[in-house]
Amino acid sequence: CRQETPPSAPEVAPASDGQTRAKNGDEVWIIVTYVKDEIKSDFEKWVKDVLYAALYKTTNPMKKDQLKVTRWLEPTQQNEDKTWTYVWIMDPVIPNTNYDIPTFLNQEYGEEKGKEHWATYQTFWAKPVEAHVLKQSSL
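Quick note on the working numbering: the sequence shown kicks off at 1 and runs consecutively.
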């Protein structure tokens, strides 16, 4: 029986929007946030009006680079426990950069308002946020 060698994966897989994705061995993060049912719309408003509003208008080149390779996924249905699952995918992670949200909020909104925004964000959580650190395979 002859075995064929599978074709090599491309070094960089372009995304449909022209962005690049992780190369073989690059780190990828998946951040999973479970949101309480009764404040789902408040959470979506916060993400749009607080977090992404600041990301889109920042002059910080590091944050602009991070934004280009970060995807935001919204749920299509509710979980059995009545929570909602939202996911950020950083693909790839930009090495030697800071992804800390509280620090970013403090830089963009000032320390007092940044802390308020971070505290508000935490009220949406139905359970602890999950962070998964993975690496791109060659498959």
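Even glycine gets a Cβ: it sits at the ideal position worked out from N, Cα and C.
None of these values were measured; they are calculated from a predicted model.
Give me the DSSP bridge partner(s) of residue i.
i: Y99; result: None, per the DSSP bridge assignment.
i: L134; result: V28
i: I89; result: I30, R71
i: W46; result: W46 pairs with nothing; no bridge assigned.
i: W118; result: DSSP output for W118 lists no bridge partner at all.
Hey, how far is the Cα of residue i from the Cα of residue j?
i: E112; j: L139; result: 46 Å
i: Q77; j: W84; result: 7 Å
i: Q122; j: K23; result: 33 Å
i: E116; j: L55; result: 17 Å
i: D26; j: T103; result: 24 Å
i: Y52; j: K63; result: 11 Å
i: D42; j: I94; result: 29 Å
i: K129; j: Y86; result: Contrary to the premise, residue 129 reads as Val rather than Lys in this sequence. Whole-angstrom Cα-Cα distance: 10 Å.
i: V32; j: A131; result: 6 Å
i: K135; j: D91; result: 10 Å
i: A119; j: V47; result: 13 Å
i: I101; j: V28; result: 17 Å
i: N98; j: G114; result: 16 Å
i: F124; j: D81; result: 15 Å
Report the three-state DSSP secondary structure of residue i (helix, strand or coil).
i: L67; result: helix
i: V35; result: strand
i: R2; result: Below a pLDDT of 50, predicted positions are generally treated as unreliable, and R2, at 41, falls in that range; no measurement from the model is reported.
Report the option in the options whose CA atom is closest to the CA atom of residue i.
i: K57; options: A131, L105, K135; result: L105
i: K68; options: K40, T20, G110; result: T20
i: E74; options: K40, Q107, L134; result: K40
Can you name, in chain order, every residue of its own chain whose Cβ lies under 7 Å from the Cβ of residue i, other than the five neighbours on each side?
i: V50; result: H117
i: A126; result: Y34, V35, K36, T83
i: N60; result: none
i: V133; result: E27, W29
Sorted by chain position, which residues of the same chain lie with C-beta nearer than 6 Å to residue i's C-beta, five sequence neighbours on each side aside?
i: I140; result: Given that the chain is displayed from residue 1 to residue 139, the structure contains no residue 140 and the question cannot be resolved.
Residues in its own chain within less than 8 Å of residue i by CB, not counting five upstream and five downstream?
i: D65; result: I94, T97
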